[in-house]
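Right, one structure below, let's go through it.
Number of protein chains: 4
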Amino acid sequence: MTRNTTVILLLSCPDRMGLVSRISHFIFERGGNILDLDEHVEREGQVFSIRVAWDMKNFSILPADLEEAFTPLAKEFNADWKIYFAERKSRAAIFVSRYDHCLQEILWRHSLGEFAMDIPLIISNHPDLGFLAEQYSIPYHVFPITRENKIEQEKKELRLLKEHNIDTIILARYMQILSPNFVHTYPNQIINIHHSFLPAFMGGNPYRQAYQRGVKIIGATSHYVTEALDEGPIIAQDIIRISHRDTIEDLRRKGRDLERLVLARAIQYHTEHRVLVCGQKTIIFQ
Amino acid sequence: MTRNTTVILLLSCPDRMGLVSRISHFIFERGGNILDLDEHVEREGQVFSIRVAWDMKNFSILPADLEEAFTPLAKEFNADWKIYFAERKSRAAIFVSRYDHCLQEILWRHSLGEFAMDIPLIISNHPDLGFLAEQYSIPYHVFPITRENKIEQEKKELRLLKEHNIDTIILARYMQILSPNFVHTYPNQIINIHHSFLPAFMGGNPYRQAYQRGVKIIGATSHYVTEALDEGPIIAQDIIRISHRDTIEDLRRKGRDLERLVLARAIQYHTEHRVLVCGQKTIIFQ
Amino acid sequence: MTRNTTVILLLSCPDRMGLVSRISHFIFERGGNILDLDEHVEREGQVFSIRVAWDMKNFSILPADLEEAFTPLAKEFNADWKIYFAERKSRAAIFVSRYDHCLQEILWRHSLGEFAMDIPLIISNHPDLGFLAEQYSIPYHVFPITRENKIEQEKKELRLLKEHNIDTIILARYMQILSPNFVHTYPNQIINIHHSFLPAFMGGNPYRQAYQRGVKIIGATSHYVTEALDEGPIIAQDIIRISHRDTIEDLRRKGRDLERLVLARAIQYHTEHRVLVCGQKTIIFQ
Amino acid sequence: MTRNTTVILLLSCPDRMGLVSRISHFIFERGGNILDLDEHVEREGQVFSIRVAWDMKNFSILPADLEEAFTPLAKEFNADWKIYFAERKSRAAIFVSRYDHCLQEILWRHSLGEFAMDIPLIISNHPDLGFLAEQYSIPYHVFPITRENKIEQEKKELRLLKEHNIDTIILARYMQILSPNFVHTYPNQIINIHHSFLPAFMGGNPYRQAYQRGVKIIGATSHYVTEALDEGPIIAQDIIRISHRDTIEDLRRKGRDLERLVLARAIQYHTEHRVLVCGQKTIIFQ
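Line by line, the protein sequences are chains D, F, G and H. So in the numbering used here, spot 108 of the first sequence is number 108, and the numbers just go up one at a time. So in the numbering used here, spot 254 of the second sequence is number 1254, and the numbers just go up one at a time. So in the numbering used here, spot 71 of the third sequence is number 2071, and the numbers just go up one at a time. So in the numbering used here, spot 117 of the fourth sequence is number 3117, and the numbers just go up one at a time.
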């Protein structure tokens, strides 16, 4: 990594006076040029959070030494924090089953350079979408899942992910529930797309539920995966209007458009390090 | 009622051939001029439904005789049906508690002639909003409700509603749950506004629930009141985007705007006889 | 064409009594089963328009004889009308230049069966997107355009279109202006996508115009092509919110999502014969 | 003014290193606690802009001395800047003609405490809405305007505005064009609501223009008034979907809802000092 790099600090800590000043001064006095700074104080819990991006071209500290240099300040603030270098892209694995729309969307946007990430591999429990992976020259690994082999197959998947230094997992309509062990290995790093406006219509077949309830709007929700199904921190949501004329098949068709746009938005936020998880909620720095 | 009138037929029945033709022919051969016709076939249940409005200026049957004249056809179709005369406006009672925004909105729109209804009275369990009723010269009746007197007070309210020939009840953020007896007296005639995107966040304090869940969108839902709380047929829904910056107080403020617009839309559909209830769902003819 | 077919009538005429009845009776008495009927009366101009779809399974007239059978009624009504058989799909040619997003979207949706059309060929003034055509096995014809050869090349294109019985032309961000002669050959059959909320920002580079004006919302508009640039009848429009943070490049990126969704919606309306053009405006039967 | 106050700095200047650090340090070293900070760098023009709010409870400088204390820094940065004390509310005059919806909305929201402003007076060229002013106990001044008396009447209005220390003028569907002299007296302090999605349909009767063009979406735009009609910096915009079924009267009705919401949003941004004008554009700090 050259010094020609942008660094992003995501930090949250108990609120107190002088946080913005101390942090921005830390950057300034070492020659950093702040490119973007956004902060937020959650009044109820008195939690301060900040995202600050700066240019390290003339920074007096090497990227490799930055974490160590910032640690004393972070300790003083009793902060949760993480530093990302923009030039060190996220490494994402995409998990799919048989629906192609979300995978299509991600690969196409990726080919346009919309996401700051590499996609070293795609994992699926079905061979069906291999042709798409091939079009974009990305290795496609098939791990068929049964009730019996699930834990075993997940172990192999985890090994593969480690080998490729994966830090982000995108469930692009992956129709398997990951085991708690898998989820814990990647906390707030697994992004799912649920085809309803959560918390409405959790669980399976939300379009049928929506149809039967007679709602006038359907939604899609992208969230981090936690052990509790469909209850992880929400990253992005959007909706589309429907009417009594729409059949379940129409809801599925309209929903597809929502799902891929909402998932794409979540991936963008995540890979640009704009998401800070606070308990069951997210802060999206824009 | 003069003959210078528009009549609206709302009808649903098992689907079969020739329904549109038979119904439109019934109108045409008696000299009616169809102004608006919209139909829908629900494929799953094979249910046909239609809304047709026609001009009775040159109709060969008197308005008073129309129901009798149409009955044979309706029987043949095994139909649920109702006839409304546009010139005979809905008679609505508005129920309120202490929040003024929905009442304000309804009274203001009503004064502009947006709704095809009369408002002979407003009922409240608190005296607070009497001043608003006064501004628009509408009688305001206070029935304080306690656990002990609820049934008794509802009886008085029902008597008052009967006296005024009320056919539509609008719960404009009325903070009391109506008893099953009250609800059954006005089936699909009581319109409520719930301050969430149902079925998400049913019950009390949906804004707090939304805040705690960390959703990125909040909603409002107007529905007919049934015995099962917040589960009646949905008439209208809308949403607004929020972010981590919004406090619960912000959600309430933003939600107010949604609530009054969604309730107003539902009142418009209802009073123009555009809503047909099918089980737990509605068809909105537009 | 078998009798197992759905037929769609699009008709407009001066308003008069009995139109719905006469038309639906024409269908009923010949054994047709109305599947969908929507009508509209434009009050200012007293123009009646209708879209009615019916099932011909038990129809007493052969599809081939339907036009002749309906002609007397149409003449009596002094109507503009057209009959479409749902099983006889639209035949569309897609015109592209170098942007791939709209073409991608159309081909992908087409592969999912979303559009009732065949795509016998793609025409471009550049070879760049041939690879996409190949992925979907659709012939890709390149006609480079210069000021000098434009008329000549268009003649060749028109010949090709005739050969393939093309009835619908989709300009999927085709960066050439068609000559009046070309436009007149396909009246209300050429669908364009303009990357602004028309009539704002007509002409070239609307994203730059939007950026410089400082609007808070950008849009996209799909319309039929007429001789007057960007002034044809509008089929579909949608918008997306932007802020001062968005660069022109961001507008382009966000706009891409709009463009492909709005164009896809317009294609759906057009190929399902839901669009009736009245002067500079459209009626969309939904 | 006590020290129990929140102060807001709005500043823009040529971009350079250390701006956030220097400004936040200025606040911190004097005992201020930053409550909210948002900055933006416009890449094309290399313009830095910032909004920072801090608590002055323990600030070592008196509010009255703050401007002087900050001046050296501002000069060094070659900045345009302004300091606002949150407790010193905006003083707004509302201008109306005969439409009541925007005035209603503002007065109602104001009564709920939504706006950080006082409304010492309402000015109109018609007596019609005096009753509304009375309901909210706000003085209502009528200045009938003719071509002949316009300049004279505006002079009287300006005198009245000065007397009441007005700093914000809200044109709530005021149907008169202000003279250049009037506009120059209140640069970026006069907020207008235009009933279209600017720059589409500038000038008079945008609903008729929209109806005739056959757009599928209508909008409303709130902007600062400049000498060039309908071309001032845009503060807020929103849209609503329409269809061929909507008459011009329907557009007016639907538009009313948009107009009042968009104007209310603009007032909120303005009175919370979230708007920074850069040439023909605005930055909205949220």
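Beta carbons: idealized from backbone N, C-alpha and C, even for Gly. Owing to the predicted nature of the structure, the values given are computational and were not obtained by experimental measurement.
If you follow the alpha helix (DSSP H) that residue i is part of, which residue opens it and which one closes it?
i                       : result
residue 2265 of chain G : 2248-2271
residue 2069 of chain G : 2063-2077
residue 1131 of chain F : 1130-1135
residue 2206 of chain G : 2206-2213
residue 1109 of chain F : 1101-1111
Would a check of beta-carbon distances place residue i closer than 8 Å to chain H?
i                       : result
residue 1253 of chain F : yes
residue 2215 of chain G : yes
residue 2206 of chain G : no
residue 182 of chain D  : no
residue 1038 of chain F : no
Residue i by DSSP, collapsed to three states: which one?
i                       : result
residue 3184 of chain H : helix
residue 3179 of chain H : coil
residue 1224 of chain F : strand
residue 1024 of chain F : helix
residue 2059 of chain G : coil
residue 3030 of chain H : coil
residue 2121 of chain G : strand
residue 3040 of chain H : strand
residue 1196 of chain F : coil
residue 2019 of chain G : helix
residue 1 of chain D    : Because the pLDDT at residue 1 of chain D is just 47, under 50, the model does not fix this residue reliably, and the point stays unresolved.
residue 91 of chain D   : strand
residue 3203 of chain H : coil
residue 2053 of chain G : strand
Of all Cβ atoms in chain F, is any one closer than 8 Å to the Cβ of residue i?
i                       : result
residue 3134 of chain H : no
residue 3114 of chain H : yes
residue 2070 of chain G : no
residue 14 of chain D   : no
residue 200 of chain D  : yes
residue 2017 of chain G : yes
residue 237 of chain D  : yes
residue 3257 of chain H : yes
residue 2243 of chain G : no
May I ask which residues mark the beginning and end of the beta strand (DSSP E) holding residue i?
i                       : result
residue 241 of chain D  : 234-241
residue 151 of chain D  : Unbroken run through residue 151 of chain D is the alpha helix (DSSP H), 150-163; no beta strand (DSSP E).
residue 1147 of chain F : Element bounds for residue 1147 of chain F: n/a, residue is neither H nor E.
residue 284 of chain D  : 281-284
residue 3006 of chain H : 3006-3014
Compare the C-beta of residue i with all C-beta atoms of chain D and state if any pair is closer than 8 Å.
i                       : result
residue 1280 of chain F : yes
residue 1233 of chain F : yes
Would you grab the beta carbon distance between residue i and residue j for me? Rounded to a whole angstrom, and I think it's under 8 Å.
i                       : j                       : result
residue 1019 of chain F : residue 1059 of chain F : With 8 Å as the limit, residue 1019 of chain F and residue 1059 of chain F do not qualify as a contact, their Cβ atoms being about 21 Å apart.
residue 41 of chain D   : residue 15 of chain D   : 5 Å
residue 3066 of chain H : residue 3083 of chain H : 6 Å
residue 3128 of chain H : residue 3173 of chain H : In fact, because the Cβ distance is near 12 Å, the residues do not count as touching under 8 Å.
residue 2176 of chain G : residue 2125 of chain G : 6 Å
Can you check whether the C-beta of residue i is within less than 8 Å of a C-beta belonging to chain G?
i                       : result
residue 138 of chain D  : no
residue 1041 of chain F : yes
residue 35 of chain D   : no
residue 949 of chain F  : Since the displayed chain F opens at 1001 and closes at 1286, residue 949 of chain F lies outside it and no answer follows.
Using a threshold of 7 Å, is the CB atom of residue i nearer than that to any non-hydrogen atom of the ligand FAD?
i                      : result
residue 236 of chain D : The ligand FAD is not part of this structure, which contains no ligands at all.
Within 8 Å, do at least three Cβ pairs link the stretch 3222-3239 of chain H to the stretch 1214-1228 of chain F? no
Using a Cβ distance threshold of 8 Å, determine whether the stretch 161-175 of chain D contacts the stretch 1177-1187 of chain F, with at least three qualifying pairs required. no
Is the number of C-beta pairs between the stretch 98-106 of chain D and the stretch 67-78 of chain D that are closer than 8 Å three or more? no
How do the stretch 3238-3246 of chain H and the stretch 2260-2269 of chain G stand: do at least 3 beta-carbon pairs fall below 8 Å, yes or no? no
Do the stretch 3023-3040 of chain H and the stretch 2264-2282 of chain G make contact, defined as three or more Cβ pairs closer than 8 Å? no
Decide yes or no for the touch test of the stretch 2227-2234 of chain G against the stretch 2202-2214 of chain G: beta carbon pairs closer than 8 Å, at least 3 of them. yes
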